[in-house]
Structure formats: C-alpha cells, structure tokens
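S.K.: Got a structure here, written out as structure tokens. Questions coming.
Numbering (our numbering), first residue to last: 1032 to 1151.
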C-alpha cells in the first residue's frame, strides 16, 4: 500500500490526472505493487521556501509498508524526479522515503494486519 505525497508550490493547473497516474505507476512498478494499491496525493500552491526564499520546489514523500531501502530508494529517485520535473516544471525536488510498520497503518478503522486478516 504505497502512498506518495507531493507537496509543491507549483500551480494547481499543472497537476493533471496524467501526472498522478504516471507517478503512481512508476512507484508501483518499483515496489512490485499493482497500480491500484498506490495512493497519490498532490498538495499544490503551498508556501515553500528554500534558503529563506520562495523558489519553485517540490517535496515528494514515499511511504510503504515494505520494499523501501537504500538500493530501492536509489533506484526510484531518478524516475520520481524526472516525472515531477516534466509535469510540474520544478527544478528542485526533495525526496523522502519512509518504511512504516504495518501496525502503524490503518484502513477502515483497523490496523493493516487486522484489516488484511479479515479476508482469511
């Protein structure tokens, strides 16, 4: 259940369905997860500063219950950066990768392990 959040000061007009689809597909492919398991959230028109100045910027946070690590993160970083640069016209992109424990994720009022075991 990878989740990708893009915080950016880019205009809402640049955020398209094609952008979200391409980003979700890329992350899903890298993490061996079906595209429909990937959540993409884009938060445009944020007040963002680097070096104390408002500059075109994006912060992309990738969260996953599994699959992330030094090698995978290094593999994904150029692809994510390219997609954000091309669609949002942003020259500076910060990436963070967070692997979370399944018990720290909830769905429909249950933690992930409880939710997934209900189908068994």
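Beta carbons: idealized from backbone N, C-alpha and C, even for Gly.
Assuming residue 1075 and residue 1105 are in contact, meaning their beta carbons sit under 8 Å apart, how far apart are those beta carbons, in whole angstroms?
M.R.: Rounded, the Cβ-Cβ distance is 27 Å, inconsistent with contact.
S.K.: Just to confirm, are residue 1095 and residue 1133 a CB contact at a threshold of 8 Å?
M.R.: no
S.K.: On a Cα-Cα basis, can you pick out the residue from 1146, 1129, 1130 that is closest to residue 1137?
M.R.: 1146
S.K.: Is residue 1115 helix, strand or coil by DSSP?
M.R.: helix
S.K.: Could you tell me the alpha carbon to alpha carbon distance between residue 1125 and residue 1068, rounded to whole angstroms?
M.R.: 24 Å
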